[in-house]
Amino acid sequence: MGWETVIGLEIHVQLATVSKIFSGAATRYGAQPNTQACAVDLGLPGVLPVLNARVVEMAITLGLALEARIAPVSFFARKNYFYPDLPKGYQISQYEDPIVEHGRLTIRLGDGRDKEIRIRRAHLEEDAGKSVHDAFPGATGIDLNRTGTPLLEVVSEPDLSSSQEAALFMRKMHALVRYLGICDGNMQEGSFRCDANVSVRRAGAAALGTRAEIKNINSFRYVEKAIDYEVERQIDLLENGGKVVQETRLYDSDKDETRSMRGKEDAHDYRYFPDPDLLPIIVTPAQIEALKRLLPELPGARAIRYCQEFGLAPADAEPLSQDRSLADYFEALAGSCGDPRQAANWLNGEVAATLNRQGTTIDLCPVPAASLGALLRRISDGTLSASLAKQVFEVMWTQRSEPDAVIEARNLRQVNDGDALLALVETVLAESPEQVAQYRAGKEKVFGYFVGQIMKRSQGRANPQQLADLLRTRLAPP
Amino acid sequence: MDAGFPETLWAQAQGLRSGAYSSVELTAHYLARIARLDPQFNAYITVCPDRARAQAVAADATRARGESGILTGIPYANKDIFCTRGVLTTCGSRMLANWAAPYDATVVARLGDAGMVMLGKTNMDEFAMGSSNETSYFGAVRNPWDTSRVPGGSSGGSAAAVAARLAPVATGSDTGGSIRQPAALCGISGLKPTYGRVSRWGMIAFASSLDQGGPMALTAQDLALMFNAMAGADPRDATSIARPPEDFSAALERPLAGLRLGMPAEYWDAAADPALQAGLLAALENFRALGASVREVSLPHAAVSIPAYYVVACAEASSNLSRYDGVRFGHRCAAPQDLADLYSRSRAEGFGDEVKRRILMGTYALSAGYYDAWYRKAQQLRRLIQQDFTAAFAGVDLLIGPTTPTTAFALGSKFEDPLTMYLADVYTTGVNLAGLPALSVPGGFINSLPFGVQLIGNYFSEATLLQAAHQYQSTTNWHLQRPAMAA
Chain A
1 MGWETVIGLE IHVQLATVSK IFSGAATRYG AQPNTQACAV DLGLPGVLPV LNARVVEMAI
61 TLGLALEARI APVSFFARKN YFYPDLPKGY QISQYEDPIV EHGRLTIRLG DGRDKEIRIR
121 RAHLEEDAGK SVHDAFPGAT GIDLNRTGTP LLEVVSEPDL SSSQEAALFM RKMHALVRYL
181 GICDGNMQEG SFRCDANVSV RRAGAAALGT RAEIKNINSF RYVEKAIDYE VERQIDLLEN
241 GGKVVQETRL YDSDKDETRS MRGKEDAHDY RYFPDPDLLP IIVTPAQIEA LKRLLPELPG
301 ARAIRYCQEF GLAPADAEPL SQDRSLADYF EALAGSCGDP RQAANWLNGE VAATLNRQGT
361 TIDLCPVPAA SLGALLRRIS DGTLSASLAK QVFEVMWTQR SEPDAVIEAR NLRQVNDGDA
421 LLALVETVLA ESPEQVAQYR AGKEKVFGYF VGQIMKRSQG RANPQQLADL LRTRLAPP
Chain B
1 MDAGFPETLW AQAQGLRSGA YSSVELTAHY LARIARLDPQ FNAYITVCPD RARAQAVAAD
61 ATRARGESGI LTGIPYANKD IFCTRGVLTT CGSRMLANWA APYDATVVAR LGDAGMVMLG
121 KTNMDEFAMG SSNETSYFGA VRNPWDTSRV PGGSSGGSAA AVAARLAPVA TGSDTGGSIR
181 QPAALCGISG LKPTYGRVSR WGMIAFASSL DQGGPMALTA QDLALMFNAM AGADPRDATS
241 IARPPEDFSA ALERPLAGLR LGMPAEYWDA AADPALQAGL LAALENFRAL GASVREVSLP
301 HAAVSIPAYY VVACAEASSN LSRYDGVRFG HRCAAPQDLA DLYSRSRAEG FGDEVKRRIL
361 MGTYALSAGY YDAWYRKAQQ LRRLIQQDFT AAFAGVDLLI GPTTPTTAFA LGSKFEDPLT
421 MYLADVYTTG VNLAGLPALS VPGGFINSLP FGVQLIGNYF SEATLLQAAH QYQSTTNWHL
481 QRPAMAA
């Protein structure tokens, strides 16, 4: 009998606020150690936390996008434990009453089926500081810049049944929080990371197996590899008569393995209790309505609209709708060039390839949608062939110039003039009697030779369609 | 009083305004008294002569510019629980014996903005945990009425300083009676405001849901004047409450005719000392003579306020005091071997026994498997206690009763018996659990030791409390008695 994998993810979403969740200190990444930690972050005697109202709005926004219940009243609790990078000796988090509960997020599986993953809860909390173990010989450095950075921890139900599903879910959540503008999604800087709860059981078994929690995974690739390793480890263990123990494990990407970090017996008693320094978070229906109105059209709805309104194929609509900037760019481009399908082809083709090659994103694209739209219009009106347009696009990218200026300056206008083209054709045919004879003898591959010669002489500007027609007419047996 | 300075804030303000003396002179007078008399009381942990003189000079300059208010140039003693920029802020603990706060508590900033002159930082029970001031790392405070006795706690240094005329007024903080109990035992007046009236920013936390700062003074009128400057919402304290500004001295002279007083049966129980009963009844007569009516009310859950209080307060304290770990500030043990050693020795050396006892009790009450039986149960009792008060206030304006079950006890007499010590808070903790305002005013003497009359009001009724106390003090002179040792 086979094995079944059961996975639940806890995703830590760092909220993109300017200041911290309970203090006015900046949240900017990469500052000199301890330059962004104020008295509140240091946990000095007498200081008090004050909630940053933005984080509540961001939590509600995600809750709405996940079709979740927004708690009208939720509380902050203290999670008590000692650690040098936890200045107060407790972390302010939400425990019994999180702000978001019972949501769902749909992922598209490899075979095209959709699967709904239930979201158990999402709660607000502050991040801890950072221990730096390798900077000082014989001592540990403490950097409290990250202390108090706002986090939203999103916890799924154990609805994921493979490492691929887990990675798809993580990607989907990543796209969503970036789309909503509540997280910058930078995984290298730790803005988006997850813990995976993994267990296995005999196929068809009702009860869940004992789970292990893999901590702090910060890439889509690693979530897949870590789970694959862990699933294999657990199955090996069980098939050899062993038992999985409930524990916390760490994924080592260098060795591609998970290692035990601490067992259940070492688990802390966090002694959660309501934080008396903070008032309950009260969310009114009016506030929810206001945020709902501000909610952007979500990726799923947007993709469906692109298919219905613009006649795009789902495979073309999907990639354009996942990233809000890209989708906005697409809509601007479609409007500007007047041909949504052409816009989609260019964005998913040439533009995506160039962005990828340059390692950048649409937000940093040097060609504005209006300029690209003008370029696409030059294809539609016959001024440019597709390949000429790519040349122009390249120049526009590097020189940040407008298409007409590039066409003019480089004389890239397509030759559509029949007489001029015919003259070129005549010249080349006259110079290549041998090839003409071969073609007429049935060697049709030679056709490409003529096209190449004529393109060369026209600096690639000959209208390819007209050229092909002319050639065929002239090469037809007399 | 010697050198011709009056004793109350109110009278001193008149003298400063008329130019009878300057703030510099008034301040020098108090600094000299502290130097001469405080060694026998130990009311101050830190005296700040230079800082005080500079503030007095500035206050006199403000007055010369015609920009003074009623508090400009008035000296005060500051409980060492309020962070004061650049000044040692020890909270009575070895843990913070080396810690100069890098910022001002909102209370300190507000009193400074009002032009008050801080004479120094007063002694207190360690982290405000105690009812006798004997848990201070800096030694016990002695009661100015009898130096073999305790001043009460935890604001014992502030109470003793005001009683001994080592400051006209002082700040205090009250978590379970820490303003009212020492005020009663030292024969002065003290106000514990409604929870949320006074900002807790910079007031070092003991039990966050109970802690509340307030004024301590000789008279209710002085309490009102100082409270005017202390109260007010603070964006840095989420639990502070925004209310329209109020002048707490405006209603002081209004007669009490029609005031309805309630006597909680549970506070007037037969077990109380007959002399205390007699004293309280005499105070009741004063109030009747002023036009108040008196009736009996009941607070059925009064008996559980002590256990509920000690569970909630200790639970919060166990978490609040986790930050004292030897890592960033405060006491750190010598040559720690590893992280666990750093934590355990720094905390073992930095905290005294009472603080450790309460951290242990609080940790226990929050632990897995015990939380429901202790912390959650205590919170449920807290709601019942609060409902008792609300029900009582449906029929009366203020409650009246004793502040403490006894007068000042001998130093050392209860120190080894914490449970008996905790019972000293029997009449005061309910108010903190409910978040209500209350004050203690001197009600007379028993065997030459002062006792207090406690008045408890509904939420935000400080103006009525102060009016009642002021009217009472206009027909009595207990509050004007001065200990012989304060001569």
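Chains A and B, in that order, give the protein sequences. When we follow the numbering used here, the leftmost residue of the first sequence carries the number 1, and every step to the right adds one. When we follow the numbering used here, the leftmost residue of the second sequence carries the number 1, and every step to the right adds one. Glycine residues also receive a C-beta, built at the ideal position from the N, C-alpha and C atoms.
If you check each beta-carbon in the stretch 227–249 of chain A against every beta-carbon of chain B, none falls closer than 7 Å. Under the Cβ distance rule, A105(B) counts among the residues neighbouring chain A, one pair being separated by less than 8 Å. Within chain B, not a single residue places a beta-carbon under 7 Å from that of D363(A); the smallest gap is close to 35 Å. Separation of P418(B) and E134(B) (C-alpha to C-alpha, rounded to the nearest whole angstrom) is 12 Å. Per the coordinates, the alpha-carbon of M216(B) lies some 22 Å from the alpha-carbon of I241(B).
When beta bridges are read from the DSSP output, F136(A) appears opposite A139(A). When CB distances to chain B are screened at a threshold of 8 Å, the residues of the stretch 33–63 of chain A falling below it are A39, L42, G43, L44, P45, G46, V47, L48, P49, V50 and L51, in chain order.
Within the DSSP bridge table, the entry for H12(A) names E153(A) and R193(A) as partners.
G89(A) has a beta carbon lying within less than 8 Å of a beta carbon in chain B.
Q188(A) counts as exposed, since fewer than 16 other beta carbons sit within 10 angstroms of its beta carbon. Of the residues assessed, Q308(A) falls on the exposed side of the cut-off, its CB having fewer than 16 other CB atoms within 10 angstroms. Scanning its chain for C-beta atoms nearer than 7 Å, with the 5 sequence neighbours on each side dropped, one finds around T383(A) the residues I407, R413 and Q414, in chain order. G373(A) is positioned such that its CB atom lies closer than 8 Å to that of S336(A).
Chain-ordered, the chain A residues with CB closer than 8 Å to the CB of S322(B) read N80, F82, K88, G89 and Y90.
Linking D328(A) to A353(A) through their CA atoms gives a straight-line distance of about 18 Å. Annotation for G156(B): the continuous alpha helix (DSSP H) segment containing it runs G156 to A163. Within the same chain, V425 and L429 come within 7 Å of R474(A) by CB-CB distance, once the 5 residues on both sides are set aside. In summary, E165(A) is buried, with 16 or more beta-carbon neighbours lying within 10 Å of its beta-carbon over all protein chains present.
If you draw a straight line from the Cα of S371(A) to the Cα of E402(A), it comes to about 6 Å.
Taken through DSSP and simplified to helix, strand or coil, F82(B) comes out as strand. Residue pairing for Y76(B): DSSP places it in a beta bridge opposite M118(B). Chain order gives the chain B residues near P276(A) as S208, S209 and E316, where near means a beta carbon separation below 7 Å. Contact annotation for T363(B) against chain A: R271 [CB-CB distance below 8 Å, chain order]. H29(B) and P75(B) have their alpha carbons spaced roughly 10 Å apart.
Going by beta carbons, S131(B) and G157(B) fall outside the 8 Å limit. In this structure, DSSP gives Y449(A) a helical state, which the three-state scheme calls helix. Unbroken alpha helix (DSSP H) stretches of 4 residues or longer found wholly inside the stretch 213–252 of chain B: 220–230, given in chain order. In chain order, S325 place their CB closer than 8 Å to the CB of D363(A), counting only its own chain and leaving out the 5 sequence neighbours on each side.
The criterion of a C-beta distance shorter than 8 Å is satisfied by L320(A) and Y306(A). Annotated three-state conformation of G63(A) is helix, per DSSP.
Between the beta-carbon of W145(B) and that of S448(B) there is about 7 Å, and that keeps the pair under the 8 Å contact cut.
Comparing alpha-carbon positions, the option among L366(B), D125(B) and L31(B) lying closest to D50(B) turns out to be L31(B). Burial is judged here by how many other beta carbons sit within 10 angstroms of a residue's own beta carbon; A434(B) has at least 16 and is buried. Here R323(B) is not near G110(A), since their CB atoms are 8 Å or more apart.
Excluding its 5 nearest sequence neighbours in each direction, I379(A) has C-beta neighbours in its own chain below 6 Å: A389, listed in chain order. Membership of G4(B) in any alpha helix (DSSP H) is not indicated, and neither H nor E is assigned to it by DSSP.
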